[in-house]
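Below is one structure; the comments refer to it alone.
In the numbering used here, the protein residues as written are 295 to 425.
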């Protein structure tokens, strides 16, 4: 079952410590568009099913990625897409959104998504892998 849009944004806003709902919305849209370019098949569809419809559509109709972005390049790309962002603020935005996505997805699906991503994304999701 998917999370309601308001509840999802409440979590992002709280985790990101955003002053406005619009800031949380902007971060959510950018991060999910970039993430969707890196996930494929059943994992992307299952993750989308756990998100509010607005965000599921963004994840399912992503920006096109020529190659998988390393976590560092993902942060730089996020910063480039969010007006006024720096890599430091983009990292904060990513953490707020992806930790909310991980909470909505649950451990098993988050693990499956991480298997499709380059090493290091576990930290962006707030789910460090044991070493």
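Just so you know, even glycine gets a beta-carbon here, dropped at the ideal spot from N, CA and C.
- Assignment of residue 405 by DSSP, reduced to helix, strand and coil, places it in the helix class.
- Under the 10 Å beta carbon count, residue 418 is surrounded by 16 or more other beta carbons and is classified as buried.
- Runs of the alpha helix (DSSP H) lying entirely within the stretch 321-378, each at least 4 residues long, are 335-343, 347-354, 365-375 in chain order.
- DSSP places residue 380 in the coil class of the three-state scheme, outside both helix and strand.
- Annotated as distal: residue 353 and residue 360, with beta-carbon spacing of 9 Å or more.
- Collapsing the DSSP output to three states places residue 312 in coil.
- DSSP places residue 418 in the uninterrupted alpha helix (DSSP H) bounded by 415-418.
- Its Cα nearest to that of residue 383, the residue 368 stands out among 395, 394, 368, 396.
- For the options 401, 409, 366, the alpha carbon positioned closest to that of residue 388 is the one of 366.
- Between residue 329 and residue 356, the C-beta gap is smaller than 9 Å, which places the two residues in contact.
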